[in-house]
Amino acid sequence: MQHTRTTMNLARLAAGLFALILVAGIGTPASADAGFVRWIQSFENVAAKSGVSREVYRAAFAGITEPDAEVLQKARYQPEFRDKVWDYIDNRVNDEQVARGRAARAQLSTWLDRIEKQFGVDRDILLAIWSMETNYGQILERKDVMRSLPRSLATLAYLDKSRAKFAREQLIAALKIAQSGDIKVSELISSWAGAMGHTQFIPTSYRAYKVDMDGDGHANIWESIPDALATAANLLRKNGWQSGRTWGYEVVVPDKYRGKLERDNRSISQWASLGFRRANGRPFPDGGERANLVRLAGDNGPAFLMTKNFFVIKRYNNADKYALAVGLLGDQIGGYPGLVVDWPRGYTPLSTDERYELQKHLSRFGLYDGKIDGKIGSGSKAAIMALQQQAGMAQDGNASKALLEFLRKR
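The opening residue of the sequence shown carries number 2 in this note's numbering; numbering runs sequentially from there.
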């Protein structure tokens, strides 16, 4: 009993010293945010009551004294909900990503066979998710994207009221993952919102769906591609993935239904009886399957009958654009052609190589200082608009063939 009391007293003393160090700023930079440091100190007790050891907690926050301002910036800009659908799709479904997906398909064929057999999820959908989440793992090496998970989630919990509850929950789950030995505390790296590993699982989802596919004793989605893809497959399967079925069909909408029936749910046979047909001219394979009519660009863009698997993909990321991009990319990795009806851009788009070239031109003129990656994001669009303003053009920010031709002549 005396030994127990002594241990408890030492633990209280250690906790008190830790709190004193945090609040007083001993050993921390002069620029430390006192309020943030106090939040870290006070949340230790919450984490401890939830089963996180104080040793793990303190190791996770060692040296962290300020919120991550970039996390808040990224939280305000989410392309799934802000980009035009064709901009979103063009950045993610293109010849470069298809080629990488097909190379990965060949390289990982043995593992993909096993994962497909065990979970019943189409390999091309899994490869498309991997591409969407981390560019087949390349983003995990980028320090401008990946950051300290404890600091990111603490920042959201401390400063973002709308995400505070989510961040607290994910932070505790992440610390429990480290405590379990699946990942070292020092390796708790994530995207701005705490998503981890090759297939970007938030901590609670990782704990719910993790799979040790390679059999090494840990579900290591950070380093093991088989584990990461199998964990993604497990999430889809447990949320109702229908094996052997597609995510949807591109269709031609009869003129009399233009602007009507949006999101209606009917059987494929019922849609066919109304005059809906596949855009590629092929017959529907299963008239009994149910589907919703979805048109993300209105009547002038491609239309789709989305089946259950489309909505299962949305359990991974609850955005129509995301699920559509996964479906389209997966189809093309598997050898199917792209869309029959193009998006109503109003301009001629660029190929992947041409988007790289455009960014290099913009950089050459001192208008763009971002990464040359062929992705036309907010930084590239701002540079395009600056150029358009200088040249007296309409400032639409579009990465068009006409704009590239203009730059080639300068």
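Cβ coordinates follow ideal geometry from the N, Cα and C atoms, glycine included.
Q.
Taking its Cβ as the centre, do 16 or more other Cβ atoms sit within 10 Å of residue 47, making it buried, or is it exposed?
A. exposed
Q | Contacting residues, own chain, Cβ-Cβ under 7 Å from residue 391 (five flanking each side not counted) | A | none
Q) What residue from 67, 41 and 51 has the CA that sits closest to residue 59's CA? A) 41
Q: Given a cut-off of 9 Å, decide if residue 171 and residue 138 are closer than it, judged by their beta-carbon atoms.
A: no
(Q) In chain order, what are the residue ranges of uninterrupted alpha helix (DSSP H) at least 4 long that sit wholly in the stretch 308-366? (A) 309-314, 321-334 and 353-365
Q | Sheet register partners of residue 202 (DSSP bridge) | A | 197
Q) Where are the beta strand (DSSP E) runs, 3 residues long or more, that stay fully inside the stretch 253-284, in chain order? A) 266-268
Q | Distance between residue 363 and residue 309 (C-alpha atoms, nearest Å) | A | 43 Å
Q. Where do the ends of the alpha helix (DSSP H) carrying residue 99 lie?
A. 96-108
Q.
Short of 8 Å in beta carbon distance, which residues of its chain neighbour residue 116, apart from the five on each side in sequence? Order them along the chain.
A. 122, 124, 127, 214, 227, 230, 231 and 234
Q) When the Cα atoms are used, what is the spatial distance from residue 334 to residue 368? A) 35 Å
Q) Can you tell me whether DSSP reads residue 212 as helix, strand or coil? A) coil
Q | C-alpha distance - residue 366 paired with residue 356, whole-angstrom precision | A | 16 Å
Q) Is the beta carbon of residue 175 sitting closer than 9 Å to the one on residue 204? A) yes
Q) Under three-state DSSP, which class holds residue 27? A) Annotation note: pLDDT 31 at residue 27 (below 50); position unreliable, no value reported.
Q | Other residues of its chain near residue 164: CB distance less than 6 Å, five sequence neighbours each side excluded | A | 157
(Q) My assumption, with CB atoms under 8 Å, is that residue 98 sits in contact with residue 330. Please give the rounded CB distance. (A) 6 Å
Q: Using a threshold of 9 Å, state whether the C-beta atoms of residue 347 and residue 360 are closer than that.
A: no
**Q.** Counted within 10 angstroms of its Cβ, other Cβ atoms place residue 185 as buried (16 or more) or exposed
**A.** exposed
Q. Once you ignore the five residues that flank residue 43 on each side, which residues in its own chain have a CB closer than 7 Å to its CB?
A. none
Q: Let me know the secondary structure DSSP gives residue 305 once reduced to three states.
A: strand
Q: For the stretch 129-147 and the stretch 100-108, state whether three or more C-beta atom pairs, one from each stretch, are separated by less than 8 Å.
A: yes
Q. Considering only residues of the stretch 145-180, which uninterrupted alpha helix (DSSP H) runs meet the minimum length of 4 residues and lie entirely inside it, listed in chain order?
A. 150-160
Q) DSSP three-state call for residue 72: helix, strand or coil? A) helix
Q | DSSP state of residue 411 mapped onto helix, strand, coil | A | coil
**Q.** Bounding residues of the beta strand (DSSP E) (the contiguous stretch that carries residue 38)
**A.** Segment 35-50 is the alpha helix (DSSP H) holding residue 38; no beta strand (DSSP E) there.
Q: Quick one: using the 10 Å Cβ neighbour count with 16 as the cut-off for buried, is residue 257 buried or exposed?
A: exposed
Q: Would you grab the beta carbon distance between residue 353 and residue 96 for me? Rounded to a whole angstrom, and I think it's under 8 Å.
A: 5 Å
Q | Cβ shell of residue 148 (< 8 Å), same chain only, five flanking positions each side left out | A | 69, 71, 72, 190, 191, 192 and 193
Q.
Rounded to the nearest angstrom, what separates residue 173 and residue 162 at their Cα positions?
A. 18 Å
Q.
With distance defined between alpha-carbon atoms, name the residue in 315, 393, 302 and 374 nearest to residue 86.
A. 302
Q: Assign residue 78 to buried or exposed, taking buried as 16 or more other Cβ atoms, counted over all protein chains shown, within 10 Å of its Cβ.
A: exposed
Q) Going straight from the alpha carbon of residue 1 to that of residue 267, what length do you get? A) In the structure as shown, the chain starts at 2 and stops at 411, and residue 1 therefore has no counterpart that could be examined.
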